[in-house]
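Chemist: Residue 1 is where the sequence shown starts when you use full-length UniProt numbering, and the numbers rise one by one after that. A virtual CB, placed ideally from N, CA and C, is assigned to each residue, including glycine. I'd like to ask you about the structure that follows.
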Amino acid sequence: MRRLALALLVALAAPAAGAQTCTATDWMAVPLPGGGDLMETALETAYPGTDLDRPAGTFVTDDGRTVPYRGDRDVSPADRLDDATIGDMFVYPYPLAFDLSARRTPWFDPGRVRNDALMRALWFDDAAAARASLAVARYQGYSTSADFAVTSKRCVHAQLQAALDQIATHGAGMDKFLVPNGGTFNWRTISGTDRLSAHSFGIAVDFNTELGGYWRWSGAQPGNAAAYDNRYPPDLVQAMERYGFIWGGKWHHFDGMHFEYRPELILFARLLRG
Ligand SMILES: [Zn+2]
C-alpha cells in the first residue's frame, strides 16, 4: 500500500513528455530593477529571453524571431490603433488603480493598441499551432464552474488558473460574472482589418457578456464611447491584473467582459509609478 502511494506520488510529480512545468507569476509582486529603459525592462521581464534593442531597431523573441522596432508616432489615435508600432503600444499607460476616470479621455485604450508583428512573433502565426497549444483553466465557483481554454504557451493557462482561484476566494457573488463564459480562443481578424484579434492567440478571455458592456453594442461612435455602466467588481479585476491580464473595462472603447494577457503593460505601469 505504502509502495503504491509512493509510486503514485512519483507518477504525479513527473511531468509528461514535452509538457512545460508552470508556476504562476504574480506580476504585481515580481521584483523590478530601478532605472534603465522602462519599455525594455517591461518587455524583457514579461517575456524572458527576449531582447529589445531600440537603437538597433529590433525586438528578438526567445526563439530567435526578429521584429522591427519603431518608436511611437505622432499620428492620429485612429491611425495609431490601425497600424501600431511597438512604441505606440506604450503610449497609453495602463491604470493599475481601479479608477475608471482615465478612460473618459477619447481614445485612451491601453492594450488595445497592438503591433501585429510582435503579437504574432510572441504567440502564433497560424491557427493550427495556436489551437494545439490550448489548455483548460477552470473556475470552480460556489455553485457553478466554467472552463476557459487558453494557450499553454508562456504558461498563460497557469496564469489564468491562479487568477480564477483567487477570484473564487471572494465568494458566491463572483459566479455570475464568469458564467456563462463569453468566449476564449477564436482565430479571427479584427473586423475591418487584417490584424489578428487577441483571441486568436489564446491569450484573451471574455467573461459574462451580459454584465460586461461593449462600446460597439452600445451604439457609440469611435472616439466617443464615454457612457459606460461598469458592473464588474474590483476584486475580480485586480485578481486578473495580478496574474497579467489587463481589462478592457479601462478602455475608452470599453470592452468590459474582455481580459487579455499583457504582463508587459502591468510591468510598464509599475515602472512608471516608480
Ligand atoms: Zn474579448
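How far does the alpha helix (DSSP H) with Gln159 in it extend, from its first residue to its last?
Modeler: In the sequence shown, the residue the question calls residue 159 occupies position 159. Segment Val156 to Ala168, the alpha helix (DSSP H) holding Gln159.
Chemist: Report yes if the C-beta of residue 341 is less than 7 Å from at least one heavy atom of ligand 1; otherwise report no.
Modeler: Outside the modelled stretch of the chain, which goes from 1 to 274, sits residue 341, for which no answer is possible.
Chemist: Using a Cβ-based criterion (distance less than 7 Å to any ligand heavy atom), does Asp255 qualify as near ligand 1?
Modeler: On the sequence shown, position 255 is the one that residue 255 refers to. Yes - ligand 1 has a heavy atom lying nearer than 7 Å to the Cβ of Asp255.
Chemist: Using DSSP with H/G/I as helix, E/B as strand and the rest coil, what is Thr58?
Modeler: Indexing the sequence shown from 1 puts residue 58 at position 58. Of the three classes helix, strand and coil, the one that applies to Thr58 here is strand, per DSSP.
Chemist: What does the Cβ neighbour count give for Leu164, buried or exposed, with the cut at 16 atoms within 10 Å?
Modeler: Here residue 164 refers to the residue found at position 164 of the sequence shown. Buried is the call here.
Chemist: Note down, in chain order, each residue of its chain lying with its Cβ closer than 8 Å to the Cβ of Arg54, except the 5 sequence neighbours on either side.
Modeler: Locating residue 54 in the sequence shown gives position 54, where the first residue counts as 1. Counting only Cβ-Cβ distances below 8 Å, and skipping sequence neighbours, we find Asp37, Met39, Glu40, Tyr69 and Gly71.
Chemist: With 16 other CB atoms within 10 Å as the buried threshold, where does Gly171 fall?
Modeler: Your numbering for residue 171 matches position 171 in the sequence shown. Label assigned to Gly171: exposed.
Chemist: How big is the Cα-Cα spacing for Gly202 and Thr184?
Modeler: Taking the sequence shown and counting its residues from 1, the one referred to as residue 202 is at position 202. Taking the sequence shown and counting its residues from 1, the one referred to as residue 184 is at position 184. Rounded to whole angstroms, Gly202 to Thr184 spans 7 Å at the Cα level.
Chemist: Going along the chain, which unbroken runs of the alpha helix (DSSP H) with 4 or more residues stay wholly within the region 28 to 94?
Modeler: Runs of the alpha helix (DSSP H) inside the region 28 to 94: 38 to 46 and 77 to 82.
Chemist: Out of Arg131, Gly249, Tyr243 and His253, which has the shortest C-alpha to C-alpha gap to Ile266?
Modeler: Translated into the one-based positions of the sequence shown, residue 266 becomes position 266. Comparing Cα-Cα distances from Ile266 to each of Arg131, Gly249, Tyr243 and His253, the minimum goes to Tyr243.
Chemist: Output yes or no for whether 8 Å exceeds the beta carbon distance between Pro93 and Leu272.
Modeler: Within the sequence shown, residue 93 is the residue found at index 93, counting from 1. Within the sequence shown, residue 272 is the residue found at index 272, counting from 1. Yes; because the gap between Cβ atoms is below 8 Å, this pair is in contact.
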